[in-house]
Amino acid sequence: MNIEDVDWIARAGAKPKGKRPDFLNDPALDRMLSILMAVAGEVSVIRQRLDTVERLLDRKGSITRADIDAYVPDKDAADQRGLMAKEYVARIMRGVQQDMEAMQAVERPVEDISVDLRDG
Amino acid sequence: MKQDVPPPYTAVTRHAVFPNPTHDEAARYDFLTALNKYLSGSIGPGNKLAYETRVLPKFRAEQGRDPKDRFEIRHAMNKDPWHRFWSALKRNSMEMRQQNGRAITLRQIEELAAKVRQFNEGRDTLRLDASVPVPRYQAAVDIHCMPGSYHGEEFPGDFSAGANYDSGLFATTAGGLGALSDGGGQALVEWIRKERPGWIPKRILDLGCTVGHNVVPLALAFPDTEVIAIDTAAAVLRYAHARAQSLGATNIRFVQMDAEDMAAFPDGHFDWVQTTMYLHELSGKSLPNIIEEAARVLAPAGLMFHLEQPQYTDEMPLYEQFIRDWDAFNNNEPFWSAMHAMDLKEIMAEKGLPRDRQFVTGVRAVVDREIFPEAAAAAEEDHGRAAVWNAYGAWKPEA
C-alpha cells in the first residue's frame, strides 16, 4: 500500500494481535462498555472544547477555529481543566467506586432493617 | 483540599517530528490520563479490598490453605465481579490510547513523512537491515495492545509505530516522565554523574531502543561519545533517528539488529551497555542469550545497566506480585510475569558479571518538578507505567 492510500480512520482502530480476555459475563457487556467508555471520552472532549471557547471569548471577544487548536492553557487554566476531568471521571465512575466502598462492611438488606424498625 | 491534577497534554514537547494533536485529540488524551489516574489511584485499592474481604476468605474456605503463588491469586481474582469490571475499564483505557495515538499519527502521515525524510535521507546514522527477522517474542502478540507492535508497517518505509508510541507516552504516564517522556534517560545521566563523576564513556550501546527517548539524554550528556542504539524494528528506528536528529543528538547511530546476534561488534567494544524497560519484552530463551552477547561486547571495567520494574522476590507479598502482573495478562505483555520472577543476578553472574561486581539501585524519573508531578505513592502506583524503577547492573571485571 502507498502512503496516500492509508485509510487513517479504519487503521486507527486496528485490532492488536493477541486474544482479548473475556472480562465480563457476556461478550455484549464487554462491547457495551467499550462503546460507553468511548462516548464518555467524547463528552469529556466536548466539555474541554467548550471550556477553551469560553476562555478565548473571555480574553478576546471573538475567536476562530485555529485559535481553538492553538490554545495552550496556562498553569491555572490547566489545573482547573484537570480538576474538571478528574471530577467528571469520579462522577461517571460513581457506581464502581460505591461497589468498592460496599466491600468495606457487610450490610444487611434495607428490607430487614425496615422490619427491625417496625418492630423495635 | 489541594487536588492532585496531572499536567495537560499540551505540556508535551512538540519536537520537529512529533505528531501534532488537534485540540480535541489532546483533550482525548487528557480524559485518558484522568481515567488512568482514577483507576490506579482512586479505585485501584478496590482490588485489594476485594481480595481481602471475599476472594481470599473464599479461597481459604474452599482449599483449606492460602494461595501458594500469584497465579492462584489471579485465577481466584478473575472470578471476582469487581476486579473483572476494573480490569475491563483499564483494558479499554489502553485500547483507547492506541486508537487516539494512531488516529493522530495516521491522519497526518504524509506531512510527518516529509518531516521524517528531511532528517533521515542520506544520513549514515540510520542503518536498516531488512534481513533482520521479527523475533518470535515480538511476533507472538502485539505488545501492550499496540496494533502492529513496534515493527508493523502500513506502507513501505513506515515510521508510524514509533510516532504513535511517542505520542501516547506522555498521556499513559500522566506526564511523569517529563515533556519529552525521557525522564528515564535523564535519570541515567544523573545516576552516572553521581556514581562516576567525570567519567566519559567512549562508546555506549543501547539495546531495544524503540523511539530512542531514553538514549537521547545520554547522547546529549556525552556529546563526544559514540552511541549506538539497536532495535529489531525498522518502523521505530526510522522515527527514533529523525527524533534524535531533530533534538540535536547527532552522535547516535540507529542500527537494525537483533541483540542475540551482535557479531558486527567485536569483543569489549563498548564501555556501557544498557537497556531501559526492555528485558520484560523478551523471552525465557532470548534474555540469557542477550545478556551473554551484551557481556561479550562490554569492555573490561565497563558498565552493564538494566532499568526495569522491581523483580518479584520471596519478600514481595503474593498479592503485590499479582497486581504487578496485571499488564502481563491483560495488556499483552506475555513475558512480563516470567521475567520478573527470573534471577537476573544469577543470569548476569553466569554470563561473566560476578555478583561482587553487581548492584541494584532505585531510580526515579528526572523531570522538571515545576510542571510535572512526583511519581505516585507506592499504594497508587500504576505498575506498568510508573516513573520509578530498579536498576540491575554490574561493572565488568577488569580483564
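As given, the protein sequences belong to chains Z and Y, one line each in that order.
Just so you know, the numbering used here puts 97 at position 97 of the first sequence, and the rest follows in order with no gaps.
Just so you know, the numbering used here puts 502 at position 382 of the second sequence, and the rest follows in order with no gaps.
Backbone N, C-alpha and C fix where the C-beta goes; we use that ideal spot for every residue, glycine too.
What you are looking at is a predicted structure, and each value in this text was computed from that prediction instead of being measured.
Under the three-state reduction of DSSP, Y/R243 is assigned to coil, being neither helix nor strand. Within the region 178-232 of chain Y, the complete alpha helix (DSSP H) segments of 4 residues or longer fall at 190-197 and 201-227, listed in chain order.
Contacts with chain Y at 8 Å (Cβ-Cβ) include Z/Q97.
Annotation: Z/R59 has no Cβ neighbours in chain Y at a cutoff of 9 Å; minimum Cβ distance is about 16 Å. For the options Y/N167, Y/W311, Y/R256 and Y/R134, the alpha carbon positioned closest to that of Y/R484 is the one of Y/W311. Residue environment: Y/S301 is assigned as buried (16 or more neighbouring CB atoms within 10 Å of its CB, all protein chains considered). DSSP places Z/I68 inside the alpha helix (DSSP H), whose first and last residues are R65 to A70. Short of 7 Å from the beta carbon of Y/F455, and not among the five residues preceding or following it, lie these beta carbons of its own chain, in chain order: Y257, H400, E401, L402 and S403. Counted as a single uninterrupted DSSP element, the stretch harbouring Z/P16 is not any beta strand (DSSP E), since DSSP gives it neither H nor E. Secondary structure of Z/I113 (DSSP, three-state): helix. About 7 Å separates the beta carbon of Y/Y359 from that of Y/D286, a gap short enough to meet the 8 Å contact definition. Contact between Y/T345 and Y/P321 holds: their C-beta atoms lie close to 5 Å from each other, under 8 Å. In this model, Z/P73 and Z/E87 are separated by some 18 Å (Cα to Cα). By the 16-neighbour rule on beta-carbons within 10 angstroms, Y/K157 is buried. Listed along the chain, the chain Y residues whose CB falls inside 8 Å of the CB of Z/T52 are H143. DSSP, reduced to helix, strand and coil, places Y/V347 within a strand of the structure shown. Counted as a single uninterrupted DSSP element, the alpha helix (DSSP H) harbouring Z/M32 occupies residues P27 to K60. The three-state secondary structure of Y/P337, taken from DSSP, is helix. Under the three-state reduction of DSSP, Y/P420 is assigned to strand.
Taking a Cβ-Cβ cut-off of 7 Å, Z/A28 has no neighbours in chain Y, whose nearest Cβ is about 13 Å from it. DSSP, read as helix, strand or coil, puts Y/G513 in strand. Taking 8 Å as the cut-off, the Cβ atoms of Y/N409 and Y/M214 do not count as close. Of the residues assessed, Z/S44 falls on the buried side of the cut-off, its CB having 16 or more other CB atoms within 10 angstroms. In the displayed model, Y/F385 falls within coil according to three-state DSSP, outside both helix and strand. Within the region 74-92 of chain Z, the residues whose Cβ lies closer than 7 Å to some Cβ of chain Y are A78, D79, R81, G82, L83, A85, K86, V89 and A90, listed in chain order. At a beta-carbon threshold of 7 Å, none of the residues of chain Y lie near Z/E111; the nearest stands roughly 22 Å away.
Here the alpha carbon of Z/L56 sits roughly 8 Å from the alpha carbon of Z/S62.
In this structure Y/T352 is not in contact with Y/D381, their Cβ atoms being roughly 10 Å apart against a cut-off of 8 Å. Shown here for Z/R81: same chain residues with a beta carbon closer than 8 Å to its own, the five before and five after excluded, namely Q48, D51 and P73 in chain order. Residue burial is scored here from C-beta neighbours: Y/T481 has fewer than 16 other C-beta atoms within 10 angstroms and is therefore classed as exposed. The C-beta separation of Y/G288 from Y/G221 comes to about 4 Å, placing the pair in contact by the 8 Å criterion.
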